[in-house]
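Engineer:
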Amino acid sequence: MSVTVSTFLSMKQKGEKISMITAYDYTTARLVDEAGIDSILVGDSLGNVMLGLGDTVSVTMEDMIHHGAAVARGAKNALVVIDMPFMSYQASVYDAVVNAGRLMKEGRGNAVKLEGGAEVADRIRAIVAAQIPVCAHIGLTPQGINALGGFKVQGKTADSARKLLEDAHAVEEAGAFAVVLEAIPAELAARVSAELTIPTIGIGAGAGCDGQVLVNQDMLGTFTDFTPKFVRRFAEVGDVMKGAYAEYDRCVKDGTFPAPEHCYAAPAGVLENL
Ligand code: KIV
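The working numbering numbers the first residue of the sequence shown as 346 and each following residue consecutively.
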């Protein structure tokens, strides 16, 4: 790891934008890292894009540790942030510290992320006191989908915008080193970014944030069940993959794969003497 939480802060101070992408496995983490991305988020979005669960509610600590450790092995420079899954920190401060510790010790993350504002400030404070950096996450918080009533843009009324601003200050005050702002109006995100000293990482929150995060499968076009408005596809990798699979299928069936160069030859005389 060469990017640290201090790097995040100094990038904000210098006005340099921070790039973050999700990854859930070793191979992808290596590619993301080699591309020079500053940070890899092992998001609980793996419930959607890796496990096909439809939401993040059923994602477990074991899932996060399993995928986090794979990503940590592939990331040489990027800061690895691992999501705390639903109900790993909501019930108590004790749960929060113990489970954050497992994501660091067993998942080998460099930091953890959890959802919520003022209501989780005591948990952020306790995890940070245990020497574990915390990234907060406010706005649309997907673990709360059942309480929120769906994946909806947040902060659209004066009351909810005020609450979001208060939450941003609460998580900063509790010791978070960064805060993800998800699905909020761009003007509100710019205001939060200007008021906080810690960096804001936006997803569906406009260009005024200090950094941006996207879900890997969304930005590559390999997950197409649902594409939020804020996603830009930087490549159509899904089409490339389907093309390759179809070509493989054709070559297997017409006998052109494997070709002689893909085969091992028996040493002279071996088969004759069987
Ligand atoms: O789980 C995730 O991938 C996230 C991002 C959407 C920020 O939390």
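Virtual Cβ for every residue (Gly too), placed ideally from N, Cα, C. Computed from a prediction, not measured in an experiment: that's the story for all the values here.
Using beta-carbon positions only, say whether Tyr-371 and Gly-419 come within less than 7 Å of one another.
Structural biologist: yes
Engineer: Assuming Asp-389 is part of the alpha helix (DSSP H), what are its boundary residues?
Structural biologist: For Asp-389, there is no enclosing alpha helix (DSSP H), as DSSP marks it with neither H nor E.
Engineer: For the ligand KIV, enumerate in chain order all residues having a CB closer than 7 Å to any of its heavy atoms.
Structural biologist: Thr-367, Leu-386, Gly-388, Asp-389, Ser-390, Thr-401, Asp-428, Lys-458, His-482, Pro-487, Val-525, Glu-527, Ile-548, Val-558 and Val-560
Engineer: Threshold first: 3 residues or longer. Then list the beta strand (DSSP E) segments lying entirely within the segment 532-614, N to C.
Structural biologist: 545-548 and 556-559
Engineer: Go to Val-465, then tell me how far its alpha helix (DSSP H) extends in each direction, as first and last residue.
Structural biologist: Here Val-465 belongs to no alpha helix (DSSP H), and DSSP marks it neither H nor E.
Engineer: For the pair the segment 509-527 and the segment 482-489, tell me if three or more CB-CB distances fall below 8 Å.
Structural biologist: yes
Engineer: To the nearest angstrom, how far is it from the Cα of Ser-364 to the Cα of Tyr-609?
Structural biologist: Across the structure, Ser-364 and Tyr-609 are spaced so that their CA atoms are roughly 45 Å apart.
Engineer: Short check: CB of Ala-368 to CB of Val-416, under 7 Å?
Structural biologist: yes
Engineer: The alpha helix (DSSP H) that contains Val-426, what's its start and end?
Structural biologist: Val-426 -> not in any alpha helix (DSSP H); beta strand (DSSP E) instead, spanning 424-428.
Engineer: By the DSSP assignment, the beta strand (DSSP E) with Gly-484 in it spans what residues?
Structural biologist: 479-484
Engineer: If you check the beta carbons only, do Pro-573 and Gly-556 fall under 7 Å apart?
Structural biologist: no
Engineer: Are three or more beta carbon pairs between the segment 496-515 and the segment 533-541 nearer than 8 Å?
Structural biologist: Contact between the segment 496-515 and the segment 533-541 is present, because at least three Cβ pairs lie under 8 Å.
Engineer: Note down, in chain order, each residue of its chain lying with its Cβ closer than 7 Å to the Cβ of Val-394, except the 5 sequence neighbours on either side.
Structural biologist: Val-560, Gln-562 and Phe-568
Engineer: For Ala-523, report the span of its beta strand (DSSP E) as first-last.
Structural biologist: 523-527
Engineer: Buried or exposed: where does Phe-602 fall if 16 or more other Cβ atoms within 10 Å of its Cβ makes it buried?
Structural biologist: exposed
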